[in-house]
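Working notes, beginning with the structure itself.
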Amino acid sequence: MMTAMMTAMTAMTAMTAGAMLSGCATTTGAGRPVAIEREAITYETAPCFGTCPVYAVTVQPDGSGVFEGKRHTAVSGTRAFTASPDAYRAFAAALGPYRPVGERLVQPGTPDCRNAPTDMPSVDVRWSELSGAAHHLSFYRGCGQGNEAMAAALASAPDLLPIAGFIGKR
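139 is the number of the first residue of the sequence shown in the working numbering; add one for each residue after it.
Here it is, written out as C-alpha cells:
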C-alpha cells in the first residue's frame, strides 16, 4: 500500500511540476503579429467635460461596419451599418496621412503637443491589417496647434461614413 501511495505521489508531483513549467515555454512565433480575418479601421472618441459624443465605429473595406454609441449620442448601444466601398476608401484616405508605423501619441506633454487646453476630447484610430499588424494614433483635440491638418481630418472623417444619424448633434 505504501509503495502504491509513493508512486501516486511521485506521479502527481511530476505532473504538477510539468504543468507549472509549461507556462515558461516559448513559441517560435513570439512577437509576431497573428493574422486576422479582415482588415479594419476603428475610430473612437473619448469623453470631454461636457456633452461631446462618445462612440466607436469600426469599418472594413467592403463597407460593413459597427457603430457603438456610448454617451451623448443619438443612438446608444451597437448598430450595424453598411457604407459603400468608396465611402470606406474615402474614410481610409482621409485618415491615411496620419497612420503611424506602430503607435503615435499626440497628447499633452509629448513633443507634438505643447500648452494644450484641458477639457477637450480625444480620438483614437486603430488600423488592423490582415497580417495581424496594428497601428494606433491617439490625438488629444487640444493639441491642434501645429497639427491643424490632422485635427481637421480627424474631425471630418466620420462625416464620410453613414453614421451621422447615430452620432446626433456634435
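Glycine included, each C-beta is placed from N, C-alpha and C at the ideal position.
{"Asked": "Suppose the cutoff is 7 Å on Cβ atoms and the five residues either side in sequence are ignored; what does the same chain contact list for residue 266 look like?", "Found": "174, 177, 178, 272"}
{"Asked": "Who are the near neighbours of residue 219 in its chain, counting only those whose CB is closer than 7 Å to its CB and skipping five residues on each side?", "Found": "203, 205, 300, 301"}
{"Asked": "Pop quiz: residue 259 and residue 189 are said to be a contact at Cβ under 8 Å. What is the actual Cβ separation, rounded to whole angstroms?", "Found": "Residue 259 to residue 189, Cβ: 10 Å. No contact."}
{"Asked": "Nearest to residue 253 by alpha carbon, out of 236, 233, 278, 304?", "Found": "278"}
{"Asked": "Per DSSP, which one or two residues make a beta bridge with residue 215?", "Found": "207"}
{"Asked": "Along the beta strand (DSSP E) that carries residue 262, what are the first and last residues, could you check?", "Found": "260 to 266"}
{"Asked": "With a cut-off of 9 Å, does the C-beta of residue 272 fall near any C-beta of chain B?", "Found": "Among the protein chains of the structure shown there is no chain B, as only one such chain exists."}
{"Asked": "Using a 10 Å radius around the Cβ and a threshold of 16 neighbouring Cβ atoms, would you call residue 284 buried or exposed?", "Found": "exposed"}
{"Asked": "Based on the DSSP secondary-structure assignment, which residues constitute the bridge partners of residue 179?", "Found": "197, 265"}
{"Asked": "Report all residues from its chain with a CB closer than 6 Å to the CB of residue 261; omit the five preceding and five following residues, and keep chain order.", "Found": "183, 277, 292"}
{"Asked": "Just curious, the beta strand (DSSP E) that residue 275 is in, first and last residue?", "Found": "272 to 278"}
{"Asked": "Taking residue 197 as the reference, give the member of 257, 282, 230, 208 with the closest Cα.", "Found": "230"}
{"Asked": "Tell me where the beta strand (DSSP E) around residue 243 begins and ends.", "Found": "241 to 244"}
{"Asked": "Identify whether residue 202 lies in helix, strand or coil by the three-state DSSP scheme.", "Found": "strand"}
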